[in-house]
Amino acid sequence: MVYDQSFIIIRDDEHRIPIPEKWRDYSVCFELDRDPICSMCKTYKPSNAHHCQMCDTCVFDMDHHCAWINNCVGAHNHRHFFQFLVFLFLGAIVLVINSTNTFYYGFYVGNDQAYCNNTQLSYLLWRDLLCSYGNLPIYFCIVGAFYLSFVTIIMVGSLVYWNFAMISFGTTLVKVLRNEGAPVWKIALCPLLAPHFKRNWRRFLGLRGRRSCCRRLLLPSGHKDYNQMEAESYS
Numbered sequence: 001m002v003y004d005q006s007f008i009i010i011r012d013d014e015h016r017i018p019i020p021e022k023w024r025d026y027s028v029c030f031e032l033d034r035d036p037i038c039s040m041c042k043t044y045k046p047s048n049a050h051h052c053q054m055c056d057t058c059v060f061d062m063d064h065h066c067a068w069i070n071n072c073v074g075a076h077n078h079r080h081f082f083q084f085l086v087f088l089f090l091g092a093i094v095l096v097i098n099s100t101n102t103f104y105y106g107f108y109v110g111n112d113q114a115y116c117n118n119t120q121l122s123y124l125l126w127r128d129l130l131c132s133y134g135n136l137p138i139y140f141c142i143v144g145a146f147y148l149s150f151v152t153i154i155m156v157g158s159l160v161y162w163n164f165a166m167i168s169f170g171t172t173l174v175k176v177l178r179n180e181g182a183p184v185w186k187i188a189l190c191p192l193l194a195p196h197f198k199r200n201w202r203r204f205l206g207l208r209g210r211r212s213c214c215r216r217l218l219l220p221s222g223h224k225d226y227n228q229m230e231a232e233s234y235s
């Protein structure tokens with residue numbers, strides 16, 4: 001699921017707002033005065049859009065431009081981005097839990113219980129190859145994987161919580177920086193007390209009923225949420 005969600009958010013180009021042919025003329029936009037005009041794109045910009053200088057385009061319901069995926073996070077991929085963070089966070093927890101026993105016996109107990117000296121692991125086909133240089137390389141691999149996963153839990157967990165808080169209030173990072181909506185302290189400390197908490201999450205996740213919850217959240221799904229459908233309505 002981590003690879004599936006990361007592939008979607010990296011290759012997604014649908015966040016760019018499609019410009020209908022009738023709105024491509026800059027003068028027509030001024031005459032009809034349908035929406036605010038983007039001074040960078042030289043055409044109309046929906047009221048809920050923001051111009052990204054990195055992508056050089058307007059992004060509907062933009063949250064931020066993520067340097068790690070080299071793409072904008074907006075209406076078309078925000079759900080996939082959040083799911084990517086959640087699955088990465090859970091994967092790091094599983095890795096820490098599964099490697100705790102190996103970390104303990106290979107680092108704290110003693111040399112006789114180390115990976116290369118443990119006779120109970122002699123059946124492993126790759127044991128001789130890994131232990132050809134002794135226990136030290138195994139120590140570095142075990143300790144590195146354990147602490148890297150632990151740091152990932154802290155850092156990605158913080159991102160998961162912050163995104164959870166903003167989604168609960170139905171806001172984005174761009175709106176928070178503009179001081180639109182609830183104050184930052186309230187978003188950070190009281191996400192469960194957000195008004196319309198359930199409605200905001202059903203809208204964000206694109207849930208239509210109870211039966212679709214597990215299928216659309218735990219399995220790869222390309223269904224469209226409310227923000228995506230609203231963005232497409234401008235085309």
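Taking my numbering, the leading residue of the sequence shown gets 1, the next gets one more, and so forth.
Glycine is no exception: its CB is placed at the ideal position from the N, C-alpha and C atoms.
- Message: Need the endpoints of the beta strand (DSSP E) that His65 sits in, please.
- Response: His64 to Cys66
- Measure the C-alpha to C-alpha separation of Phe197 and Ala49 and round it to an integer number of angstroms. 23 Å
- Message: Here's the rule: buried if 16 or more other CB atoms are within 10 angstroms of the residue's CB, otherwise exposed. What is Asn71?
- Response: buried
- Item | Ser69 - DSSP class collapsed to helix/strand/coil | It should be noted that the sequence gives Ile, not Ser, for residue 69. Reduced to three states, the DSSP call for Ile69 is coil.
- Query: In whole angstroms, what is the alpha-carbon distance linking Phe82 and Asn163?
  - Reply: Near 7 Å, if we compare the C-alpha coordinates of Asn163 and Phe82.
- Among Gln53, Thr102 and Leu85, which residue has its Cα nearest to the Cα of Trp68? Among Gln53, Thr102 and Leu85, the Cα nearest to that of Trp68 is on Leu85.
- Ile154: which of Asp56, Phe89, Pro195 and Phe103 sits nearest, CA to CA? Phe89
- Query: Alpha carbon to alpha carbon, what distance is there between Leu129 and Val94?
  - Reply: 26 Å
- If we ignore side chains and look at the alpha-carbon of each, how far apart do Gly181 and Val96 end up? 38 Å
- Answer yes or no: do Asp63 and Leu207 have a C-beta to C-beta separation smaller than 8 Å? Between Asp63 and Leu207, the C-beta spacing is not below 8 Å.
- Item | Rounded Cβ spacing between Val176 and Ile187 (contact assumed at less than 8 Å) | Yes, Val176 and Ile187 are in contact; Cβ-Cβ is about 7 Å, under 8 Å.
- Message: Just verifying my parser: in three-state terms, what is the DSSP assignment at Ala49?
- Response: If DSSP states are grouped into helix, strand and coil, Ala49 belongs with the strands.
- Could you check what DSSP says for Cys190 in three-state terms: helix, strand or coil? coil
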